[in-house]
Amino acid sequence: MGETSWLFLLIGSFAALGAAMAFGTLAAIMRYHRTGTVPGSDTPGELPRGRMISLWVRVVVGLGLFGYGVYWIERTGIF
């Protein structure tokens with residue numbers, strides 16, 4: 081494997097991790113708003129405000145990682 085392949089693998093992994101983190105958490109938030117349950121729980125319950133804020137922070141961090149990875153892939157010209 082060449083240097084470009086390793087660089088793409090490393091940066092692409094960060095982008096994929098960010099996308100999975102953002103979209104997975106966003107899906108959990110949407111399920112909570114639609115049904116009142118969070119993944120892993122069968123009974124509806126109320127999420128504390130702090131927990132909801134931390135979920136939204138996780139979405140923002142995931143989108144940031146995704147954007148940063150895509151930016152570096154584009155900037156280095158490996159894709």
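Take the sequence shown: its position 20, counted from the start at 1, is 100 in the numbering used here, and no numbers get skipped. We put the beta carbon where it would ideally sit given N, CA and C, even for glycine.
Given this structure, state the Cα-to-Cα distance separating residue i from residue j, to the nearest angstrom.
i           : j           : result
residue 108 : residue 141 : 16 angstroms
residue 158 : residue 120 : 39 angstroms
residue 145 : residue 106 : 15 angstroms
residue 86  : residue 99  : 20 angstroms
residue 103 : residue 130 : 20 angstroms
Using the three-state DSSP reduction, which class does residue i fall into: helix, strand or coil?
i           : result
residue 116 : coil
residue 144 : helix
residue 104 : helix
residue 127 : coil
residue 82  : coil
For residue i, which residues from the same chain have a beta carbon less than 6 angstroms from its beta carbon, with the 5 sequence-adjacent residues on both sides left out?
i           : result
residue 95  : 146, 149, 150
residue 117 : 124
Would residue i pass as an interface residue toward chain D - the criterion being a Cβ-Cβ separation below 8 angstroms?
i           : result
residue 153 : In the structure shown, chain D cannot be found, because there is only a single protein chain.
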